Every structure is written in C-alpha cells, then in structure tokens.
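Number of protein chains: 4
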Amino acid sequence: MGSTWGKRLKISVYGESHGPAIGVVIDGLPSGIPIDESKVAKEMQRRAPGTQPGSTPRTEADLPTVLSGIYNGKTTGTPLAIEILNTNQHSSDYNGFVTTPRPGHADYTARLRYKMNNDPRGGGHFSGRLTAPILYAGAIAKQVLKNKCGTEIYGHIIRIGKVEANSWEEEEMPVIPTEGTFPQENQSIGQRMLGEIEDAKALRDSVGGIVEVMATGFPGGIGSPMWDTVESAFAQLAFGIPAVKGVSFGSGFQVASRRGSENNDHLLFQDEKLRMATNHGGGFEGGISNGMPILAQVAFKPTPSISREQETVNLDTKENVKIEIPGRHDACIVPRALPVVEGCLALALLDVLMGKGEYSL
Amino acid sequence: MGSTWGKRLKISVYGESHGPAIGVVIDGLPSGIPIDESKVAKEMQRRAPGTQPGSTPRTEADLPTVLSGIYNGKTTGTPLAIEILNTNQHSSDYNGFVTTPRPGHADYTARLRYKMNNDPRGGGHFSGRLTAPILYAGAIAKQVLKNKCGTEIYGHIIRIGKVEANSWEEEEMPVIPTEGTFPQENQSIGQRMLGEIEDAKALRDSVGGIVEVMATGFPGGIGSPMWDTVESAFAQLAFGIPAVKGVSFGSGFQVASRRGSENNDHLLFQDEKLRMATNHGGGFEGGISNGMPILAQVAFKPTPSISREQETVNLDTKENVKIEIPGRHDACIVPRALPVVEGCLALALLDVLMGKGEYSL
Amino acid sequence: MGSTWGKRLKISVYGESHGPAIGVVIDGLPSGIPIDESKVAKEMQRRAPGTQPGSTPRTEADLPTVLSGIYNGKTTGTPLAIEILNTNQHSSDYNGFVTTPRPGHADYTARLRYKMNNDPRGGGHFSGRLTAPILYAGAIAKQVLKNKCGTEIYGHIIRIGKVEANSWEEEEMPVIPTEGTFPQENQSIGQRMLGEIEDAKALRDSVGGIVEVMATGFPGGIGSPMWDTVESAFAQLAFGIPAVKGVSFGSGFQVASRRGSENNDHLLFQDEKLRMATNHGGGFEGGISNGMPILAQVAFKPTPSISREQETVNLDTKENVKIEIPGRHDACIVPRALPVVEGCLALALLDVLMGKGEYSL
Amino acid sequence: MGSTWGKRLKISVYGESHGPAIGVVIDGLPSGIPIDESKVAKEMQRRAPGTQPGSTPRTEADLPTVLSGIYNGKTTGTPLAIEILNTNQHSSDYNGFVTTPRPGHADYTARLRYKMNNDPRGGGHFSGRLTAPILYAGAIAKQVLKNKCGTEIYGHIIRIGKVEANSWEEEEMPVIPTEGTFPQENQSIGQRMLGEIEDAKALRDSVGGIVEVMATGFPGGIGSPMWDTVESAFAQLAFGIPAVKGVSFGSGFQVASRRGSENNDHLLFQDEKLRMATNHGGGFEGGISNGMPILAQVAFKPTPSISREQETVNLDTKENVKIEIPGRHDACIVPRALPVVEGCLALALLDVLMGKGEYSL
C-alpha cells in the first residue's frame, strides 16, 4: 500500500516508467473548486524532461488527461483521476540491471522486494517519472489552497553541489525567481549553480542540491500534535520522492548550533497584528501553524545514473564487476524536483487544513 | 486524531503533563514475544527527568503500569496498554501562559487551535513529558525487533551547540558509548558537549543538538515505494517529538554537496556476502532496505524554556510585554531525547517490517 | 490493529476481562464540549452486569476514571483516555477452555490466532466486558452530537427469540420506552420478551434477539460514497460487538421482497419543509444522509455460554468430549447490548459528520 | 476520501457514469501472482449490462485496459491500475433530475452534499456502473486467494421478491449453479425468481432480492478482534454497493430467534480433522476465521429506477410534482450484483489475510 498517501485527501499513484500510462487518483477534494488547467500544465512543464538545465533529453509531452472528477471546469468532489501516456520509451536501454544492479538505484532492493516480478524497464514504479502524477496532485492542491485561503507556494534552489544561496528564513514574502529561468533569485549565484551542473555533466557525473519551499497566507491554528501536523505530513510525502535524503523546517539543522535565546521566535504586535519577530520555527510551534510563512528545506542526493564507470556485482555469477550506464540521464535532478516538492507542501497543507472541520465541527 | 500513529502497529498516546496519568495503547503487536520489563525500565530511566546532564530537576518515578497486553511475561497479541502516573506537578508554575505565551512554545498555537479549552498546565498534551509513552512503545518495539530478526538499535549525540562529533556513516557496528555516561563515544568531545550545556545553563539559556541513531541487523527488501518506507514512517514519527526541526538519513544534507560518483554506494561481494562499499544511503535504495545498517539523524532546537527575559505579548491587552519563565527547565533536551528517537526508529522499522507478510503472503 | 477504529475520530480499546483494567483512548474529539459525567454514568449503568433482566450476576461498579482529555468539565480536544478497573474476577471459572474450547466462543479461534499466548481468563480481550469502553466512547459521542447538531439517539428491542415487536420504520419520533424498564414500548410485548428470557434461563439455555436504533436530528448531505458513509462505518463498528451476526438499515432485509414502487421513498414538501413520505431507506440515499431519521437494526445470536451439556473436543487428546460450562452467564445479552449499539451509531455518525469540514472547507 | 477502501490492500475507485472512463487503482498486491485475464473478463461479463435477466439494454463492452501493475502476465507488486472506457452514454436521458430528484436515488442527497457541482449524468459517481471497477478488483483478489490458499468463492441468489430459496448454511461445498444460467441451483425456484423479475418488468416496476456468497478453503485463525475481521471488512465494503440495505453472516438474522443450544456450533473431530458440526457462525468465532466455509448474505432493495409515475418535488419551485423516468433500467439488479458481492468477499478475505504476516512476523 506504499503508493497511497493521505489522511483525508487520499492520493493513489500508479504506473511504471515504460508501461502504457502513469497517473493518480485524488480522492476527497472539496467540490466546486474551479481548476485552471493551463496553470496545471505550466506546473507539469516545470518538471517535464528536456526543459530544465541538466535534464535528460527524453522528451514527453506529459499532458495529463482527466478521466473523472472535473465537470464544467470545477471539481465534482468525487475522485479526480488522470492519466499521462508514456510515449517515448527506450526500454532496451535498461536491460541487464536486474542482474548487475546500478549503484544508488533501487535495482537491487527491488529484486529483494519483488522477487524479479516488478517491471524493471526505466526503473518501473521507482522511476523519477512517477513524480509527474504527484506533481499533478500538488498542482491541484495549490489551486484549492489558493481558492480557500489565499495560500501561495513558492520555491527556490539554495544549494547545488558546493554553491550555496541564502535561505528565505528572514523573508516573509519571498523574492520570487524570475519565471522561466533558473529558480534562484540571485542571478550570479544562479549562474554558479548552473556551472556546477555543467561541470558535473562534462565529467559524465551528477550533482546534488537543496531546495527550499515557502507557503504564505496559511492560517494559524491548523494541525494537531503529535502526528497530524504539516511537518509530519510533508516529511512523509517528501521522503517518497526519489533521491530525497533530508527534510527540515524553518532554520532546519542550524537550530542545533544555537542557544534558546537566539532561536526562540518572539511574539509581538506590529500594526495591531500579532506576528513572530523571526521565523526560525518555519511557521509552527508544537506542530500547529502560527500564521507565519511555512518554510521547509529538502536535500537531494546527486542522481545516481551517471555514465562514468562504476563498481557493482553480477547477482547471477556472484562476481564483482564494472558497469557503465548508457542512456539518458539528468546531471542534476534538483531543478525538475522543485515543483514536485512545492506540490508535496501543497498536499500536506491541504490534508491537514481539511482536518480543521473536525475540531471546529 | 493527531496522537495516533501507525499503519499496522497502531500507537495511541494520551495524557497531559499535570493530569492524573499519561500512557499509550499499542495495538497490533505479535503475540508470544517475551518482554523484559527491566530492560524497558532502563530505557525509561534514560529519559526520566533529573538523571541526565542539563535536565530539569523535576523527578518522576516514571514507572509504567501495564494494564493489558502482557500475560505470563509475553505479549498477548491484543492491545498493550500502560499508564504512568503524574506525581510531581507544580501547576502554579505554569499559570498565565495562556495570556502571555512563551516564545518557542505551543502556548499561542494551542490557544488558536483549542480555543482555550486545552489543559495548559505544564504544557498539557504538548509537554515533552508525553515522549515517555512514545519511548515506552519504542522500548517494546526494540524487544520485538531483537526477538524477530536480531535487530539492535544504537544512538549517540553528534552535535551540541557548536561542538560536533563524527557520524557513524563509515561504521557498520557503532562504537557504543559506555553505558551510564554521556552518549558520545569520544570522551573528549563528550566533555566539550557537556561544557556547552553547562555554559548555556550558567547563562540561564539553553542549547540545541543533533542525535544519530543506527539499526543493525535489519533485513533487506523491506518497505514499499513511495510512502510505506522506514524513511517516511520514521520522519513522520520523529517530527512528532517536540523541538525536532530536521530529519535525515545516511549522509543526510551532506549529499547535496556531492557528485554522484562520490555518493553512490557501490555493491560488492565480500567474503561471499553481498554488501555496499559505503553507506551514504543509510540503509535504503528506493525506500527499500538494502541490508546495510539503517542510519538517521534528527536535529533538535534549543529547548524554548529559558529563564532569561524574553519578549512576547499579552493577548488580552494586546500589548508587547517582557516575560521571565520561572520553574524547572532542561538546559538541553538532547540527551533525554536520544532514547525517544531510538524508540521511534524501532517503531518505524517494526511497522514497515510487519508489512512483509502482505507481499510474501 | 484490530481494536482501533475510526477515520477521523480514532478509538483505541484495550484490556482483558481479568487483567488490571480495561479502557479506551478517544483521539480527535472537538475541544470545548461540556461532558455531563452523570449522563455517561447512566449509560454505563445500562450495560453494567447484574442490572438487566437475564444478565450475569457478576457485579462491577464499572465506573470509568478519566485520565486525560477533560479539563474544567469540557473536552480539551486532545486524547480522552479512561480506565475501568476490573474488580470482581473469578478466574478459576475459566480454566481449561484452552484445551476444551466452548462452542460458540472464541476459545478455539483465539488459540489458532494467538498460539496460546492470549489471556484466556474470562475470555480475555474477546470478553463482552470490552464493550464497556466502546459504550463509554459512544456515550461521549452522543453528547458531542447533541451539542453540535441536536442529534438524539434512541433504541429498543424488536425481537427476543420468537417474540417480535414493530420496527420504528414508520415513526419519525420514536415512542420512547419508559426509562428504567425493559426497552420495549409495548408493555405486553415487553412482558412476553422477558418471558422468553426467563424460559431460556429456566432451561439453562440462552436466547438471541434484534435491537433497533434511531437517530433524530442528524443533518442531510453528510457522507461520501462509497465507503465514507454512516452505513459502512456503523456496520464495521457493530460487527465488532461480540455475537452480532447481521446489520441492516431502514426496512432492512424486507426490501428484498418489495417492488420499487412500494419501496422508493417519495419526496414531498410538507409545511414548506422537504421530507420523504416514508423512510424505507433509513435516512440515506447513495450512502449520504437525507435528513430523515437514521434507522438501523442489529441481530444478536444467543449468548454461547450456556450451562447445558454441549459437545466439543479436547485439543490435546484429540477426542470428542462433552462439556458443561459453570459460572455466571447472561441468558440474553440483548438488553445490555442495546446501549452499546446506540453508542456505535453515535460514533459512526460523529466520525462521518467530522468529515463535513473536508468538503465544506 | 469515500472511494478508497482497505487497510492493507488499498483500492481507489474513480469515474463517473458518463465521463471518459471509470477504473480502479489496487495498491498492495503481492508480486508474482499470475493473472488469467480471460477469467477476469468472464467475471466482468457476469456484471455487464444487457447480459442478465432483467438488466438494462445499455451495452458496454466493459473491457478493462491494464495501465500498470501486471508485467509478463504476473502482478508486479506495484499498483495495478485499470480503466474502462465509457462508450455508450445517453446523457440527455438524465437531465432534470438535479431539479426533480428521482425517489430512491441519490439525486437529492448528492445535491446537498456537492452543491450541484457533481456530474449528474447517469448518476455520475453514484452510478451502479461504478461497481465494474470494484468487481475488477474483486476478480483479481479471487485469483490471489486461489493462488495463495486455494480459496474459492461461490454465490447464488436466495431471494427475488416473494420467491425464496435455501441458504447454503447446511452446505460445506455449495451446489454450484450451472454456469451461464440464472445463479440458483434449484431450477424450478430459479424459474419462479425469473418470473418475479418478468412480472415487475411488465408493470414497469422493479424488484429486490438477496444474494448469498460462500468462500471455501479459507484458513482458520485469520483476523483480529474487534475491527480487523472479515465480517467488519466485508460489511464495510458491501454497504458501498448501491442498493444494499443489509448484511449478515452464517445464519444471519435467524440467530435472533434461536436458543443457544440450537445455535452454538459444536466442535468435533471427524476423520481426525477438527471441524464444526454446523456452520451457524458462517466461518467465524470472535471475528476470527475457524476454518469452516465463510458464508454471508446481502440484501438489495428493488432498483429505484422505474418508469411508473412517482411523486417527488421540484427543488426550484418548491412544489410537489409527479415524475416518470424514461431511459434504460434494470428491473432487478440482483443477478448483475452477485459477482460484485463475491468480489467484495474476496477483497475482504484478502485484506484480512494479508494481516497474517503482522502477527506471525
């Protein structure tokens, strides 16, 4: 039951990279929310292969077909299902990894788990391609949040390899990266990040990074300790994205180095409105939202598919062997992953927000 | 439904800091597992107030009473319920925080969420005291894992304030901290960490830190992508512990700075046994365990209760005011939190392991 | 995870008949609901042994102790936990059933399931005694429903053995049985029902029956097809009560004999208010409430504990043997079960009602 | 979240009667189970419109297209998704029911619930057509059960209107109805049942009925009290099928009229094998399977779509009006519903069986 998520808003993701189609069923949406499909398409485009720096040359239209749940341009309130056809497969690229698993991939663990019955082509259900339906669900959640409480979600890249940028920890309204370019508001840092990606690519290697996402306008008082919080829900979701190895909120791992007197977010009335003087907590105290912007970071490992020679094993002959992985690879998955992370934040916020009616019956 | 967790093993935590009792119901344990209550007591003792460096002087026996689920020293397989009586409350210490919320605490968000109906004494259900029943559940999960697959769980502190220690990233069998002392195997670093805590205390301040936990002997092939993984389950659980702001696995946020060629864990046969050459993935590929040690890090903010003067608001008069928080505080929660994090790892491992029977029916 | 129920309102029931205590944790209640503990006690009293015709002479005070979740007489919104001490055990009565299982009891299936590790005394976790915490949760749910939407829940007995009474199918406001007497509004039928119980008792036998429950004032438009309906939720809950073998709604199994033209509930405006002309559907169309009274029936088998000689097996010697069951038995469980069924209806209504906020965000 | 079901095996059903497609995602299947698609197609055919006595003349090929989860003829273990295209819609037939709701249909409750945003064409997501994906999931579950423990599922009709047939209560291996004909093993009763349907049809009316399903070969010791039982799971599922008003097990509502001495299923060794002398319990004691055949009954109301004149209201003008429902109707849904009920039993059995690994870790 691993590909189903949510306490109230249930999403059920299906598909294999080289099967007929991938998609998602979203169950539990409120009815009557107008869905702007062009905005959804724009989100999908941000993740689509071939459009981002360092991304795989595989091109897929990635146009979702709505099968149910939208009628007259609005959500019906019954399950919203979509499919995305797979059209550009090169399955022959992927033969053999069942026997000589790629380092850093799920080839070996999938074999342990599924006893060679899973579809290995293109990574099957483990493929990063499966983040497209997650993103679709997230894009819908964004529109619901915007409609219901004016919440907006932003994201940028704060690290690629050795190049680091400022967090939005001190910001209340993010300096939004110019659309259509690399999602880092400081152009000079953005250029250096792109340089890291190019360098990795030139060496037939890959590079990791960190994204940061922010939600503005999310109401305070939402969530329930201990495990019905945006933090728990988002972390659970985000660790379902391939290559994610860390999740943090507000000042993240930095808080460990601080004193309480530095880290505590003081309350104050400013212009007769209550707020926190700082936002080290990333919008939460005790797991419940406090009205400040929600802020989270997600760390991605370098994409494991590199065409440099690597060491692995032959599981049949039980020998140590060397492997070179041909085919299409992303030198850096981070730019394409950013909208998926934003979508996961939207899903987590919406699922926990939907619980509000339980306690304010 | 925030205080209930688990897909298969359900834990339901109850209680308020200054109510009659706190406790937990654990539903779904296998039957016939011998429970060594002295080992459980030892775990509880590691978290009990007053026994750890920098901890609050509040002392509680914290002895759990088993109400059901253990018979003749073994789990019955029906719900295991315990209660821990609250005996040493000083409720008067906590009056007033409903009006002048403490910075960094849930006083304000709880007010938004519960409309002043929650029990504010000692933080009520938000209190760190509620980690005692979570730890109890974790201590039981440890014994089940040990019994069923020989899994052992270890933990140490890798950061207190500015003092950092080595991760177990390169270790396969942790250098275990000597029992009964500060949980850091390098004594000189341990002393410096204690110094950080003492310094904070002397300044009526507090300090944060990072713990790292490892599970050895956990079988490979366990878990299902995307969200039925130990990573998702552990992250969800850990963010339910008060003061946690970050969770990571394996090399954690470090992976973001690396190239794929550095970070990929190569496979090899060594002494005819398959293993990974390194463990940057922390025991997982694609969310499924690979047989290597499970490794995770959790970042804690400095405990927000400090007796130094802080700024906050009076919610009734709508004025900005100053506050000094009297009472018993931990200068550093990290040592007491470590066994709770270990317990959360045990719970996550067990819950996901219990799913194995679903696919190997 | 069998003893945990609920999508939004989670209840987790624990305890064994002859262990230290039984109880329940109720997670997810709205905050600020005044709880009248004397009304709860009255409900508990309706189920308590020794107070109902034909019930076991075992007497238990059955007074629940609140451990958390109620503060200043109102729900806090955090988990409500209670315990009921077991005080009047005669464990020696129950030895031997592990070897010679009682017909109609769970002795044999429990042995298959728990491999002799479960607590067999008094039926352990299978005991009808465990309906006391379910009833407690139901009594709380009744008060929340009453407070939030004026919903009231009623119940009566419509069959004991061969004696049948009218359903409330044609009623909109039930003719309430006089308090404190047998819950059947027709006194002459009630007397004959009591006669059935007395007859069974005289023969050291037992007898089954059917209860019917009704909720008035429950709003229309609540629930979601297919499985987030009061029907699904109530059926799931009710089959968790020992001895239940059938659940139906509205006209129940009678609908199978009817034509559509007889059975369809026509809509009409009456005094400018929309209603159904009849209530064969029991308050639902398509699983969603329609504003009519909610009506359900639950069939109970005769309690299997009878002191007449019965045939069974000795599982050790593998011989067919005869058994006589000494001890305290209910000749008819139905009167004591009625408040539990009412409570289950309250829980189902509340859980589904709590979902309303999800779609009317 | 109403259209998602299951504790371990998650099914997520989507679609509207007249939208592009309907379908289901099945998450959590074991891997490596050979799927005989021709057997699945045969099951689908049993439900398909136009092939059963008294069924609607709407014809749909109802051929499911597998989108993921089957590879090389076997389950992959990752989500199995299918779609069934809608090809034969007559949407104009259904206009107007939003204003003048059909008695016995969800038109009015859907309007309350979805505020006129749901797709009303053909009943939208409420349509009986949505049982096709449930049946698909059930047909897969049947094959998994057969493969894993030899379990077979049978079904027959035991009531149509006034005509009743014998239950399989006394049978251990059902007298299987001859394939391809009306599912009632007594041909003379079957003819009279068909007569009931014809009579109803001739009067432009409809008629209800009861189906009974049996599973043989299901192992004992499966399930956990209170709510992780086949009884709870099946009841929850079955009440999600449109028109179901009652669910019972074993002797069902008959047990209410019995004495304990008549009803208790005695244990005995027969040919050195343990069994029950009778099967009034329908295969369960205490919610746990006992190795006897699983037996359940489900009552269906007469299909509400009849072309006779009926009374209803105009919700806009607030007047009482008369309505005649044109279009294609089933005079009796029961024969087409039978395979769906069998499928629900298979799903319930499989979901609970999958829990076995949790306790026999």
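Protein chains in written order, with my numbering: chain A, 295 to 655; chain B, 295 to 655; chain C, 295 to 655; chain D, 295 to 655. Where is the CB? At the ideal position from N, CA and C, for every residue including glycine. Source: prediction; values computed, not measured.
Asked                                                                                                                          : Found
Identity of the residue in B:GLY621, B:LYS567, B:ALA590 nearest A:VAL607 by Cα                                                 : B:LYS567
Proximity test, Cβ basis, 7 Å: D:THR393 and chain A                                                                            : no
Per-residue DSSP class, three states only, for C:LYS567                                                                        : strand
Test item: CB-CB of D:LYS495 and D:ALA625 under 7 Å                                                                            : yes
DSSP-derived helix/strand/coil call for B:GLY444                                                                               : coil
Minimum Cβ-Cβ distance from C:ARG453 to chain D less than 7 Å                                                                  : yes
Buried/exposed call for D:ASP321, threshold 16 Cβ in 10 Å                                                                      : buried
D:GLU525, DSSP secondary structure in three states                                                                             : helix
Nearest candidate by alpha-carbon position, reference B:PRO633, set B:LYS409, B:GLY363, B:ILE447                               : B:ILE447
Same chain, Cβ closer than 7 Å to B:GLU618, neighbours up to 5 away in sequence not counted                                    : SER601, GLU603
DSSP three-state assignment for C:ALA532, whether helix, strand or coil                                                        : helix
Supposed close pair D:ARG453, D:ILE504 - CB separation, criterion 8 Å                                                          : 4 Å
Chain-ordered residues of the region 322-347 of chain B with a beta carbon less than 7 Å from chain D                          : GLY322, PRO324, SER325
Runs of alpha helix (DSSP H) lying entirely within the region 457-521 of chain C, each at least 4 residues, in chain order     : 481-496
Coarse secondary structure for A:PRO414, derived from DSSP in three states                                                     : coil
Cross-chain neighbours of A:GLY637 in chain D, by beta carbon under 9 Å                                                        : Chain D residues near A:GLY637: none, gap ~19 Å exceeds 9 Å.
Exposure of C:GLN591, with buried meaning 16 or more beta-carbon neighbours within 10 Å                                        : buried
Touching by the beta-carbon criterion (3+ pairs, under 8 Å), the region 537-555 of chain C and the region 584-598 of chain D   : yes
CA nearest to the CA of B:SER526, picked from A:ALA529, A:VAL524, A:SER421                                                     : A:ALA529
Opening and closing residue of the beta strand (DSSP E) in which C:LEU655 lies                                                 : Looking at the DSSP string, C:LEU655 is not in any beta strand (DSSP E), and its letter there is neither H nor E.
C-beta atoms of C:SER545 and C:GLU463 nearer than 7 Å                                                                          : yes
Where C:LYS442 meets chain G, residues with beta-carbon distance less than 8 Å                                                 : The displayed structure is made up of protein chains A, B, C and D, and chain G is not among them.
DSSP-derived helix/strand/coil call for D:LEU439                                                                               : helix
Short CB-CB distance (under 7 Å) between B:GLU463 and chain D                                                                  : no
4-residue-minimum alpha helix (DSSP H) runs that sit fully inside the region 554-625 of chain A, ordered along the chain       : 554-557
Beta carbon of B:PHE543 nearer than 7 Å to that of A:LYS336                                                                    : no
Proximity test, Cβ basis, 7 Å: C:ASN411 and chain B                                                                            : yes
Closer than 8 Å at the beta carbon, the chain C residues around A:LEU647                                                       : LEU655
Chain D contact residues for C:PHE547, given Cβ-Cβ distances below 9 Å                                                         : ARG453, ILE504, LYS539, GLY540, SER542, GLY546, PHE547, GLN591, ALA593
Bridge partner(s) assigned by DSSP for A:SER377                                                                                : Here residue 377 of chain A is Glu; the residue named in the question, Ser, does not match the sequence. Beta-bridge pairing links A:GLU377 to A:GLY317, A:THR359.
Given 8 Å, three or more beta-carbon pairs between the region 469-488 of chain B and the region 408-415 of chain B             : no
C:ALA426 at chain D interface by Cβ criterion, 7 Å                                                                             : no
Length of the line joining the Cα atoms of D:VAL318 and C:PRO471                                                               : 47 Å
Chain-order list of residues whose beta-carbon lies under 8 Å from that of C:GLU613 (same chain, five-residue window excluded) : VAL607
Cβ-Cβ separation, B:ILE451 to B:MET508 (assumed contact under 8 Å), whole Å                                                    : Not quite, the Cβ-Cβ distance comes to about 13 Å (not below 8 Å), so this is no contact.
Buried/exposed call for C:LYS304, threshold 16 Cβ in 10 Å                                                                      : buried
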